[in-house]
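Residue numbers for the sequence shown follow this note's numbering, so the first one is 2 and each next one is one higher. Glycine included, each C-beta is placed from N, C-alpha and C at the ideal position. Okay, structure first, notes after.
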Amino acid sequence: MTALSAFAGAQGSAHPANYRLVKTLSLPNTGGWWDYLGRNQEDRQIYISAGNQIIVINADTYDLEGTIGPLNGTHGVAISHGDENGFTSNGGSNDSTEFNAQTFKILKTIPLPIQHPDGLIHDPATNRIFYFNHDGQAAAVDASSGKVVGTVALPSKDAEFAAADGHGHVFDNLEDSSQVVEINSKTLKLMNAWPLAPCEHPSGMAMDTYHQRLFIGCHNQMLAVVNAETGKVVTTLPIGPGVDAVRFDEKFSRVFASSGGDGGTITVIHEDNPNQYSLLGTIPTQQGARTMEIDPETHKLFTVSAQFQPPAPGQRRGTMITGSFHLLVYWNH
Numbered sequence: 002m003t004a005l006s007a008f009a010g011a012q013g014s015a016h017p018a019n020y021r022l023v024k025t026l027s028l029p030n031t032g033g034w035w036d037y038l039g040r041n042q043e044d045r046q047i048y049i050s051a052g053n054q055i056i057v058i059n060a061d062t063y064d065l066e067g068t069i070g071p072l073n074g075t076h077g078v079a080i081s082h083g084d085e086n087g088f089t090s091n092g093g094s095n096d097s098t099e100f101n102a103q104t105f106k107i108l109k110t111i112p113l114p115i116q117h118p119d120g121l122i123h124d125p126a127t128n129r130i131f132y133f134n135h136d137g138q139a140a141a142v143d144a145s146s147g148k149v150v151g152t153v154a155l156p157s158k159d160a161e162f163a164a165a166d167g168h169g170h171v172f173d174n175l176e177d178s179s180q181v182v183e184i185n186s187k188t189l190k191l192m193n194a195w196p197l198a199p200c201e202h203p204s205g206m207a208m209d210t211y212h213q214r215l216f217i218g219c220h221n222q223m224l225a226v227v228n229a230e231t232g233k234v235v236t237t238l239p240i241g242p243g244v245d246a247v248r249f250d251e252k253f254s255r256v257f258a259s260s261g262g263d264g265g266t267i268t269v270i271h272e273d274n275p276n277q278y279s280l281l282g283t284i285p286t287q288q289g290a291r292t293m294e295i296d297p298e299t300h301k302l303f304t305v306s307a308q309f310q311p312p313a314p315g316q317r318r319g320t321m322i323t324g325s326f327h328l329l330v331y332w333n334h
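Put into structure tokens, the structure is as follows:
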């Protein structure tokens with residue numbers, strides 16, 4: 002199946018109308034790269050980490066509300082929902098920028114005790130921001146005070162996307178060792194490190210917190226469903242090449258995996274029950290549209306892409322064409 006028009010046999014509310022491209026929006030220049038997308042549900046904002054700034058887009062009007070920066074190699078944003086402050090992970094300066102989520106004013110810079118922070122997540126159980134890097138470490142910052150509360154040593158280096166269950170457990174993918182780790186978010190103790198075979202090189206992660214299921218995008222073109230209580234791989238389903246982000250739509254029990262390879266796709270999967278899943282179809286996107294965010298209120302999907310010059314000999318990709326960075330919005334309304 003190559004499009005959502007091929008959907009068949011889905012159960013109940015999983016009968017979606019076709020997802021289609023409803024908006025393309027030109028974005029400010031990124032300096033050549035981008036990373037995580039995030040959201041602020043209360044203020045209806047989509048965050049796009051783009052080089053040395055965070056681009057803020059209104060989720061409903063698609064207006065450019067502002068930018069946060071300048072930053073040094075920023076990778077993503079996490080929002081402290083109680084305080085309405087945001088935090089970035091700045092891999093180029095080994096710190097985090099705390100900002101006001103309504104005015105985008107930078108409040109402080111928090112030096113981090115880990116090198117090159119990358120992925121980050123807010124843990125609602127402790128109101129802590131967890132930062133992960135590619136040197137086998139994680140750090141936790143109290144979102145109310147902005148103070149570092151500790152670090153966690155991970156069993157391998159390449160930490161990727163994370164998820165929190167809201168009950169004191171934070172999970173993170175380890176891409177180099179094909180494991181998922183479980184951290185006690187209060188004590189900062191490593192509780193478990195589970196192998197993910199047959200999943201290889203896990204990247205994206207989302208979670209059904211009610212049913213305690215992790216949805217993990219793997220670079221050998223599969224999505225692994227993992228029991229977050231036991232670490233057991235429940236099942237796997239095929240997805241596209243070059244996966245980065247995974248998102249879960251709780252209302253409609255849908256899992257989305259965005260992949261930037263082979264022209265770009267978002268694979269859509271329905272959670273029939275915690276142990277059984279149906280492949281609904283794929284949304285064609287664009288080459289390089291690997292990262293993604295979902296608006297759980299409207300169920301829109303947001304992703305980004307750009308055009309690049311042909312790569313020079315020995316390079317993996319060419320230089321981004323100035324002015325080509327853009328937002329893509331998909332909706333089934």
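For residue i, the residue or residues it bridges with in DSSP
i	result
THR237	ALA225
MET208	LEU215
ARG317	DSSP lists no partner for ARG317.
GLU99	PHE88, LYS109
ALA258	VAL247, THR268
GLY79	At residue 79 the sequence reads Ala, which differs from the Gly that was named. For ALA79, which the question treats as bridged, DSSP gives the partners PHE88.
GLY39	TYR48
Collapsed DSSP secondary structure at residue i in the structure displayed
i	result
VAL244	strand
THR110	strand
HIS135	coil
GLN54	strand
ASP64	coil
TYR48	strand
TYR331	strand
SER306	strand
LYS301	coil
SER325	coil
HIS117	coil
LEU28	coil
HIS123	strand
LEU72	coil
ASN59	strand
HIS16	Note that HIS16 scores a pLDDT of 39, beneath 50, so its modelled location is shaky; the value from the coordinates is reported in the next line. Coil, per DSSP.
ARG21	strand
Nearest candidate by alpha-carbon position, reference residue i, set the options
i	options	result
ALA139	SER94, VAL182, ASP166	VAL182
ILE47	GLY315, ILE122, THR304	THR304
CYS219	GLN213, GLU230, PRO199, VAL235	PRO199
TYR331	ASN185, ASP61, GLU43	ASP61
SER178	ASP119, ALA194, TRP34	ALA194
ASP273	GLY315, PRO125, LYS252, GLY261	LYS252
PRO29	HIS327, VAL153, PRO156	HIS327
PHE249	VAL234, LEU302, GLY261, VAL235	LEU302
ILE111	LEU197, ASP166, LYS148	LYS148
GLY319	GLY32, MET293, GLN222, GLU85	GLY32
GLY67	ILE115, ILE107, ILE295, PRO125	ILE107
HIS123	ARG291, GLY87, THR98, GLN116	GLY87
TRP1	SER325, ASN19, THR152, THR104	Absent from the structure is residue 1, since the part of the chain shown begins at 2 and ends at 334.
SER279	ASP166, ALA163, SER259, ARG255	ARG255
ALA290	ASP159, GLY120, ILE49	ILE49
ASP36	GLY315, GLY151, PHE162	PHE162
LEU72	ALA51, ASN59, TYR63, GLY264	ALA51
THR237	HIS334, PRO311, LEU215	LEU215
VAL235	GLY241, GLN222, GLY83, GLN277	GLN277
PRO239	PHE105, ILE217, GLU230	ILE217
ALA165	ALA126, ASN134, THR323, PRO196	ALA126
ILE225	PRO275, ILE184, LEU329	According to the sequence displayed, residue 225 carries Ala and not Ile. The option with the nearest alpha carbon to ALA225 is PRO275.
SER97	GLN103, ASP64, HIS82, ASN134	ASN134
ASP1	GLN222, VAL244, ASP136	Lying outside 2 to 334, the shown extent of the chain, residue 1 is not represented and no answer is given.
ILE322	ASP296, PRO312, GLN316, GLN308	GLN308
Short CB-CB distance (under 8 Å) between residue i and chain B
i	result
ILE58	Looking for chain B here will not work: only one protein chain is present.
*Three-pair Cβ contact test at 8 Å for the region 182 to 189 versus the region 198 to 217*: Under the Cβ criterion (8 Å, minimum of three pairs), the region 182 to 189 does not count as touching the region 198 to 217.
*Could I get the ranges of all uninterrupted beta strand (DSSP E) runs contained in the region 141 to 209, with 3 residues as the minimum, in chain order?*
Here the runs fully enclosed are 149 to 154, 160 to 165, 170 to 175, 180 to 185, 190 to 196, 203 to 209.
*Would you check if the region 48 to 59 and the region 74 to 86 touch, i.e. whether three or more CB-CB distances between them fall below 8 Å?*
Verdict: yes, contact present.
*Could I get the ranges of all uninterrupted alpha helix (DSSP H) runs contained in the region 264 to 299, with 4 residues as the minimum, in chain order?*
With a minimum length of 4 residues, no continuous alpha helix (DSSP H) run stays inside the region 264 to 299.
*If you pair each beta-carbon of the region 264 to 272 with each one of the region 282 to 298, do three or more pairs fall below 8 Å?*
Touching, per the Cβ criterion.
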